[in-house]
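Per the working numbering, the sequence shown starts with residue 136, numbered consecutively.
Cβ atoms here follow ideal geometry from the backbone N, Cα and C, with glycine treated the same way.
All of these numbers come straight from a predicted model, not from anything done at the bench.
I have placed the structure first, in the form of structure tokens, so that the comments after it can refer back to it.
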Amino acid sequence: MKLRVGLIGCGKIARMHAHGFQTASDLAEVVVCCDEREEIAQAMALSLGSAKAATRWQDVVEREDIDVVDVCLPHYLHAPVVIAAAQAKKHVLVEKPFATNLAEAIAMVNAADQAGTVLMVGQHQRYGSDHRHIKALLDRGVIGRVLAVRVDSNQLLSDYYPSGHWLFSKAQAGGGIVISVAVHKIDLLRYLLGEIRRVASFQSISGLNVGMEGEDIAAISLEFENGTVGEGFFTFAARHRPIPITTYPFELFILYGEEGMIHNIQGWHVYSTKVKEYSNGPTRLDIPSQEYAEWFDYEIWHFLECIETRAEPISSGRDNLGTIAVLEAIYQSAKTGQVVGVPPHILEE
Ligand SMILES: NC(=O)c1ccc[n+]([C@@H]2O[C@H](COP(=O)([O-])OP(=O)(O)OC[C@H]3O[C@@H](n4cnc5c(N)ncnc54)[C@H](O)[C@@H]3O)[C@@H](O)[C@H]2O)c1
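This is the structure:
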């Protein structure tokens, strides 16, 4: 029988999730679309055919005709909705960032553990064909031990969301660009390179995004458990993207290895001193590029498969405790001006 899904929050990203569930229509069906703005819930329900519309998430998580809850809400609502859904024995997919702090994230994982349900975080960057290809190269040791990594993400927030949107509110978003955007790369780097041990960060508010309360510029230094050194630069205050990245997500990514390097400037390239096919200078990788929506299609398919097989998702809530712990350390560093160790993320026995 198909899994029955309640989609909560029908804004921008929910459209990608709806597409994902439609693509996996042999496994699941969205039966209710919920948004506090009724017209948005109705429009989403209509676009999905037979789905019903609702305006209160509290009613949706309790519904007996639902197996799965998909949370596409502002960040401050992730924890209450996920915990209520888990307590109602629903499997849950929740958009990034998992939580606004580590205590919330731990409470969510404990709630799902107690219910025995699947809890996955929508860290879609783990699921794109580009990043899956890069992970396979790293796992094969094509560039040897990774010595250093550099990531860079730049956009103008006001190009995508109007001033006054919840993303401009520190209380509702839980911060600024770190929690909203850097979270993608922190999570991806943990997936590719392992755990992060220490961080340092400088942050500022540019004034270019009127009403923005959280940081919209952040420089972050990272030290991984395995000794890799990393640097990330994130800005919501870029008038233009200066670096020519040809494929989504249009963010600079450079890995420096003992035996070569990988970068995505004007396409993904690899150079390796030890793998013959990549040893003749930087070689452009032939990775079929994917549309934005397709990254989510694979994420949602993986989530549904994990429910079916009871496997731990690649981006499970449990795994994501590490990502939220790093974010917490980054904010602590910016506040104190100190290098900060990533806090332990302890679960109930
Ligand atoms: N993976 C990605 O690349 C990506 C991109 C954008 C956003 N996101 C994440 O997706 C989530 C949602 O972001 P978005 O851009 O879709 O925001 P959005 O503002 O477009 O959508 C959020 C929706 O939630 C609804 N809502 C707010 N409070 C509600 C409540 N109490 N009950 C019911 N509905 C409520 C709003 O009316 C709105 O339609 C966030 O966690 C965000 O970080 C992820």
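Apply the 10 Å Cβ neighbour rule to residue i and answer buried if 16 or more other Cβ atoms are within range, or exposed otherwise.
| i | result |
| --- | --- |
| THR471 | exposed |
| PRO297 | exposed |
| GLN338 | buried |
| ALA238 | exposed |
| THR235 | buried |
| THR444 | exposed |
| THR381 | exposed |
| GLU386 | buried |
| SER424 | exposed |
| SER468 | buried |
What distance in whole Å lies between the Cβ atoms of residue j and residue i, which are believed to be in contact at a cut-off of 8 Å?
| i | j | result |
| --- | --- | --- |
| LEU462 | VAL318 | 6 Å |
| GLU440 | GLY279 | Not a contact, Cβ separation roughly 33 Å. |
| HIS226 | ILE465 | With 8 Å as the limit, HIS226 and ILE465 do not qualify as a contact, their Cβ atoms being about 30 Å apart. |
| LEU138 | ALA163 | 4 Å |
| GLY155 | ASP432 | 5 Å |
| LEU456 | HIS437 | LEU456 to HIS437, Cβ: 19 Å. No contact. |
| PRO448 | MET255 | 4 Å |
| GLY395 | VAL277 | 7 Å |
| LEU323 | HIS266 | 6 Å |
| LEU390 | VAL281 | 6 Å |
| ALA247 | ALA219 | So it is not a contact: roughly 12 Å between Cβ atoms. |
With DSSP collapsed to three states, give me the class of residue i.
| i | result |
| --- | --- |
| HIS268 | helix |
| GLN425 | coil |
| ALA186 | coil |
| VAL204 | strand |
| GLU443 | helix |
| GLN193 | helix |
| SER407 | strand |
| GLN338 | strand |
| GLU358 | strand |
| GLY365 | strand |
| ARG280 | coil |
Against chain D, with Cβ distances strictly below 8 Å, would residue i count as a contact?
| i | result |
| --- | --- |
| SER288 | Here there is only one protein chain, and chain D is not present. |
Could you pull the DSSP bridge partners for residue i from this structure?
| i | result |
| --- | --- |
| GLU164 | ARG139 |
| ILE218 | For ILE218, which the question treats as bridged, DSSP gives no partner whatsoever. |
| MET396 | TYR391, TYR406 |
| HIS226 | VAL203 |
| GLY257 | GLU230 |
| LEU291 | ALA372 |
| CYS169 | ILE143, ALA189 |
For the structure I just gave you, are there three or more beta carbon pairs, one from the region 242-259 and one from the region 285-293, closer than 8 Å? no
Under 8 Å: do the region 357-365 and the region 317-337 share three or more Cβ pairs, one atom per stretch? Yes: the two stretches touch, three or more of their Cβ pairs being nearer than 8 Å.
Could you tell me whether the region 165-172 touches the region 183-198, using the rule of 3 or more Cβ pairs below 8 Å? yes
Indicate whether the contact test is met: 3 or more Cβ pairs, each with one atom in the region 200-208 and one in the region 177-187, closer than 8 Å. no
Does the count of Cβ pairs from the region 299-306 and the region 338-349 closer than 8 Å reach three? yes
Does the count of Cβ pairs from the region 238-257 and the region 210-222 closer than 8 Å reach three? yes
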